[in-house]
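According to the working numbering, the stretch in the sequence shown is residues 38 to 286, in order.
Every residue gets a Cβ at the ideal spot worked out from N, C-alpha and C, and that includes glycine.
Owing to the predicted nature of the structure, the values given are computational and were not obtained by experimental measurement.
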Amino acid sequence: MKLLEGKNVIITGASRGIGMGIAKVFADHGANIAFTYSASEAPALALEKELTEKGVKAKAYKSNAANFNEADELVNNVLKDFDGVIDVLINNAGITKDNLLMRMSEADFDTVIDINLKSVFNMTKAVQRTLLKQRKGSIINMSSVVGVKGNAGQTNYAASKAGMIGFTKSVALELGSRNIRCNAIAPGFIETEMTDKLDEKTVQGWRDGIPLKRGGSTEDIANACLFFASDLSSYVTGQVLNVDGGMLT
Ligand code: NAP
């Protein structure tokens, strides 16, 4: 059964990793996909082609989610290209710039907050008018277990991801009466290019410490997004779902 037939979905940062995984699973469920990237043009265009071949409408947009005006322009372009309807927004774009607080520069703090958290404000503001008019919509914010628990060496990242959770709950309260839902997903250790940067010994240590004894896949996160995007979750809003193999249990 296709759960998102004909729905229009915006995903930020889908040129690789979790965003790309979500785009593929959603297209398999019949969704039309507008997605962004920051620099990876070739993989983005390859994904656009792959999704289109699945029989849905798909388009890649180069857009910096941290920039308020670019986010607004993006949403206007998506509305033009996708018949004026946006059913789902997934705020997935994110980066890390890890360091101990002692060594963290102001620029590295600001950049992570801008790309991970301010982007969520930018994109949510940009789609809000359309969702209000439609009197429906689902917003999904990609937080992290690090935003729930904290992590040494990631004060900037943890603050951005915890901020997303507060934002999610507030949007759920503000827009619930208009049938607009907003939820967050807190992935644990998902094996993507972001985590490829870590050394193998650290990665194996993480796998060993997870109750399900493996890192998560992009499909694991995409399936949780599918639940929040579809009518299966029509009575769920303001929640944070840990998708972490039991890591925080
Ligand atoms: P990734 O492989 O590094 O991919 C990040 C994506 O975001 C890329 O498509 C990138 O585009 C895009 N991006 C970066 N900066 C952007 C900007 N300013 N504007 C628009 N797009 C931008 O990361 P990932 O592992 O898939 O992570 C995706 C999300 O899940 C992030 O928010 C991350 O914090 C969160 N998360 C990941 C894990 C994990 O274990 N992997 C765990 C918890 C949470 P380009 O390719 O063009 O640079």
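Lys99, DSSP secondary structure in three states: Looking up residue 99 in the sequence shown gives position 62. If DSSP states are grouped into helix, strand and coil, Lys99 belongs with the strands.
Test item: CB-CB of Val287 and Gly225 under 7 Å: The first residue shown for the chain is 38 and the last is 286, placing residue 287 beyond what the model contains.
Coil, strand or helix - Gln276 by DSSP: Here residue 276 refers to the residue found at position 239 when the sequence shown is read from its first residue. Gln276 falls in the coil class under three-state DSSP.
Nearest neighbour of Arg218, chosen from Asp147, Ala79, Leu168, Leu285 [CA to CA]: Numbered from its first residue, the sequence shown carries residue 218 at position 181. It is Leu168.
Length of the line joining the Cα atoms of Leu33 and Ile55: The question about residue 33 has no answer here: the residues shown for the chain are numbered 38 through 286.
Gly131 - DSSP class collapsed to helix/strand/coil: Within the sequence shown, the letter at position 94 stands for residue 131. Looking at Gly131 - three-state DSSP - the assignment turns out to be coil, as it is neither helix nor strand.
Boundaries (first-last residue) of the beta strand (DSSP E) holding Gly43: Locating residue 43 in the sequence shown gives position 6, where the first residue counts as 1. Where Gly43 is concerned, there is no enclosing beta strand (DSSP E), given that its DSSP letter is neither H nor E.
Straight-line gap, Asn216 to Arg166 (C-alpha atoms, nearest Å): Numbered from 1 along the sequence shown, position 179 holds the residue referred to as residue 216. Numbered from 1 along the sequence shown, position 129 holds the residue referred to as residue 166. Each residue's Cα considered, the two are about 13 Å apart.
Proximity test, Glu107 beta-carbon vs the ligand NAP heavy atom, cut-off 6 Å: Along the sequence shown, read from residue 1 onward, the residue named residue 107 stands at position 70. Incorrect: Glu107 has no Cβ contact closer than 6 Å to the ligand NAP.
First through last residue of the alpha helix (DSSP H) which encompasses Phe146: Position 109 of the sequence shown, counting from 1, holds the residue named residue 146. Counting along the chain, the alpha helix (DSSP H) containing Phe146 begins and ends at 143-150.
Spatial neighbours of Asp120 in its chain, beta-carbon cut-off 8 Å, leaving aside the 5 residues before and after: Translated into the one-based positions of the sequence shown, residue 120 becomes position 83. Here the set comprises Asn45.
Residues that DSSP places opposite Ser175 in a beta bridge: Locating residue 175 in the sequence shown gives position 138, counting from the first residue. Ser175 is bridged to Val125, Arg218.
Expected contact under 8 Å - CB spacing of Ala103 and Asp151 to nearest Å: Position 66 of the sequence shown holds residue 103. Position 114 of the sequence shown holds residue 151. Right, the Cβ-Cβ distance comes to about 4 Å (below 8 Å), so this counts as a contact.
Phe265: first and last residue of the uninterrupted alpha helix (DSSP H) it sits in: Translated into the one-based positions of the sequence shown, residue 265 becomes position 228. Unbroken alpha helix (DSSP H) run through Phe265: 255-266.
Any non-hydrogen atom of the ligand NAP closer than 6 Å to Met290 Cβ: A question about residue 290 goes unanswered here, because the residues of the chain that appear run from 38 up to 286.
Distance between Ala64 and Leu269 (C-alpha atoms, nearest Å): The residue you call residue 269 lines up with position 232 of the sequence shown. The residue you call residue 64 lines up with position 27 of the sequence shown. Computed Cα separation, rounded: 17 Å.
Cut-off 8 Å between Cβ atoms - residues of its own chain near Glu110, not counting five sequence neighbours on either side: The count along the sequence shown starts at 1 and reaches residue 110 at position 73. Counting only Cβ-Cβ distances below 8 Å, and skipping sequence neighbours, we find Ser100.
Distance cut-off 6 Å: Phe226 Cβ against heavy atoms of the ligand NAP: Residue 226 sits at position 189 when you count from the first residue of the sequence shown. Phe226: yes, Cβ under 6 Å from the ligand NAP.
Expected contact under 8 Å - CB spacing of Val149 and Asn193 to nearest Å: Sequence index remark: in the sequence shown, residue 149 carries index 112 (1-based). Sequence index remark: in the sequence shown, residue 193 carries index 156 (1-based). With 8 Å as the limit, Val149 and Asn193 qualify as a contact, their Cβ atoms being about 4 Å apart.
Three CB pairs or more closer than 8 Å across the segment 266-283 and the segment 223-241: yes
Rounded separation between Ala189 and Gly58 - CA only: As a first step, residue 189 is located in the sequence shown; it is residue number 152 there, counting from the start. As a first step, residue 58 is located in the sequence shown; it is residue number 21 there, counting from the start. C-alpha separation (whole angstroms): 28 Å.
Three-state class that DSSP yields for Asn136 in the structure shown: What you label residue 136 is simply residue 99 of the sequence shown in a count that begins at 1. Strand at Asn136.
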